[in-house]
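Numbering (the working numbering), first residue to last: 1088 to 1662.
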């Protein structure tokens, strides 16, 4: 090896040591920089001449981030899971607080108070007006809870819009950095700072939506959101939110911006909010509507066959029926009016009782309601099943009684002068469906209310009942009070109180589960962050040792050059 070669080897050592000092210094300077990954200098021997065994010094081959892609991917997943659990816990806790259950100012207490008012009326300890007021109070309370739950839902919808906008901004930035990384690394050097910046963006994105990363050979990231590719290299397909309507409320749907394809987001804050909205809040709204509908239907079934004091000379149903639907069987799917109700009449019948006020004599006539879904020949069909018009015609066929459809499509029943009308033994529920002599109007938690004319005139409250051809003064009051403990077929044998209690318990269980999940995912995230810090974080002690090593390398390389120069000077003096 010539003296010149020795000097070149020394120079390569100086260069490598200088680069090493620069890398170590940069690591130390960024020891506290969020998202910074420790950079590592890679050295390899420079190949010498093919003749002889002497090398040609050292070469810097790479300055690369110390990162475990698998570990980073698991960390992003854990961040999504923790963010989802946190968002779900916050939403469910807010929902739970809005219900105020077990405070005495809750739906369970209001239901008990309503049935208690009927019980006291049955014992003649409560006036009609108190029962009516308690019924309206319950309806108002159900409506208020629904509004409170909807407010929580609207807050979630509002949050989702801003979060998706932020996620789309992050996706766009990732696509731009992808292009910069590919351009930079095409010239060989690693774009370490750009890669760190991109990882920080993915970290922020993973806390909003569930994110999966696939790195391409050219260093670009393909970003999948909810399993769907969104960023492909330098192209961002984008995500957005659209508002779908079910006729009663708007629902935010996360979708692919380019074609509107819905995305099933389950992770990140958005995933947690969606889970709370669709499970906790959605189920609560459905339960409230079910309670309102079944409360109205069951109370109305009894009240419609009750007797008031004084008796009724006319009644008007609450259900407006368009002309086209009046002649279609009530159980036919083609009858939009009845098919759209949350309850239905069934095969059976009822008695209409027309009382002569002067003589006190009562004529009772049975009205059959054929809703068996079979024709007279035994075939499946609705051709000869009972329609609203059939009921009207049958009522009009009763002596001293007239039944017509008003201009708004509501059935109006009028007794001749000097007569009263009442109903009994309705095994079909048709009267309650038509809203005849109903207590409640409305079919959901949003529109439940005591019948308006009953509010104005509580004397129309039907507390009595015809039982075995005898008027029992408190018969209806007792029957309605008994609904508190009655298992309902429509609720799979549960009472109204049990249905609500189970829903409240479900919310409490889900809230506790979200809390436990937040804690467990937090532990996993902390563990992964510690592992990442060990693999990619900067150790000041380690970098200080590296600085000493590079310093010694630099001093040694300089010594090589100095010795070679001295030898060369000695050689030149000999000439």
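Note that CB positions come from ideal geometry on N, CA and C, so glycine has one too.
Give every residue of the same chain whose Cβ lies closer than 6 Å to the Cβ of residue 1331, excluding the five residues on either side of it in the sequence, and list them in chain order. 1338 and 1340
Given a threshold of 16 other Cβ atoms within 10 Å of its Cβ, counted over all protein chains shown, does residue 1479 qualify as buried or as exposed? buried
Locate the beta strand (DSSP E) running through residue 1201, then write down its first and last residues. No beta strand (DSSP E) contains residue 1201, which is instead part of the alpha helix (DSSP H) from 1194-1209.
Residue 1158 - DSSP class collapsed to helix/strand/coil: helix
From 1233, 1243, 1312 and 1358, residue whose alpha carbon lies closest to that of residue 1348: The shortest Cα separation from residue 1348 among 1233, 1243, 1312 and 1358 belongs to 1312.
Sort out for me which residues DSSP pairs residue 1443 with in a bridge. 1506, per the DSSP bridge assignment.
Contact defined as beta carbons within less than 8 Å: I believe residue 1518 pairs with residue 1391. What is the distance between those atoms, to the nearest angstrom? Between residue 1518 and residue 1391 the beta-carbon gap is near 4 Å, inside 8 Å, which marks them as a contact.
Under the rule that 16 or more other beta-carbon atoms within 10 Å means buried, what is residue 1396, buried or exposed? exposed
Host alpha helix (DSSP H) of residue 1247 (start-end): Going by DSSP, residue 1247 is part of the alpha helix (DSSP H) stretching over 1215-1272.
Between the alpha carbons of residue 1189 and residue 1468, how many angstroms are there, rounded? Going from the Cα of residue 1189 to the Cα of residue 1468 covers about 49 Å.
Verify whether the separation of the beta carbon atoms of residue 1198 and residue 1225 is less than 8 Å. yes
Just to confirm before moving on: does the CB-CB distance between residue 1567 and residue 1389 stay below 8 Å? yes
Shortest alpha-carbon distance to residue 1181 belongs to which of 1195, 1237 and 1146? 1237
Taking 8 Å as the cut-off, decide whether the C-beta atoms of residue 1208 and residue 1218 are in contact. Yes, the pair counts as a contact, with Cβ atoms nearer than the cut-off.
From the beta carbon of residue 1570, is the nearest beta carbon of chain D less than 8 Å away? Looking at the structure shown, chain D is missing, and only one protein chain is on hand.
Length of the line joining the Cα atoms of residue 1594 and residue 1513: 38 Å
Buried or exposed: residue 1342, going by 16 or more other Cβ atoms within 10 Å of its Cβ? Buried, because 16 or more other Cβ atoms sit within 10 Å of the Cβ of residue 1342.
If you drop the 5 nearest sequence neighbours on each side, which residues of the same chain put their C-beta closer than 8 Å to that of residue 1539? 1528
With residue 1551 as the anchor, note down where its beta strand (DSSP E) starts and where it stops. Residues 1551-1554.
Does the count of Cβ pairs from the region 1480-1492 and the region 1369-1389 closer than 8 Å reach three? no
Any contact between the region 1395-1413 and the region 1578-1588? By contact I mean 3 or more CB pairs, one from each, below 8 Å. no
Roughly how many whole angstroms lie between the Cα atoms of residue 1634 and residue 1253? 42 Å
Comparing C-alpha positions only, which one of 1466, 1284 and 1515 sits nearest to residue 1121? 1284
Within the chosen definition, does the region 1112-1127 reach the region 1651-1661 through at least 3 CB pairs nearer than 8 Å? no
Any chance you could list the beta strand (DSSP E) runs of at least 3 consecutive residues sitting entirely within the region 1452-1498, in chain order? Inside the region 1452-1498, DSSP marks whole beta strand (DSSP E) runs of 3 or more residues at positions 1488-1492, from first to last along the chain.
One question on the structure: do residue 1128 and residue 1150 come within less than 8 Å of each other, judged by their Cβ atoms? With contacts defined as CB atoms closer than 8 Å, residue 1128 and residue 1150 qualify as a contacting pair.
Give every residue of the same chain whose Cβ lies closer than 6 Å to the Cβ of residue 1457, excluding the five residues on either side of it in the sequence, and list them in chain order. So the qualifying residues of the chain are 1472 and 1473.
Let me know the secondary structure DSSP gives residue 1629 once reduced to three states. helix
Rounded to the nearest angstrom, what separates residue 1415 and residue 1424 at their Cα positions? 10 Å
Looking at the structure shown, is residue 1337 part of a helix, part of a strand, or coil, going by DSSP? strand
Give me whichever residues DSSP pairs with residue 1402 in a beta bridge. The partner list for residue 1402 (beta bridge, DSSP) reads 1500.
Cross-strand partners of residue 1367 (DSSP beta bridge): Residue 1367 pairs with nothing; no bridge assigned.
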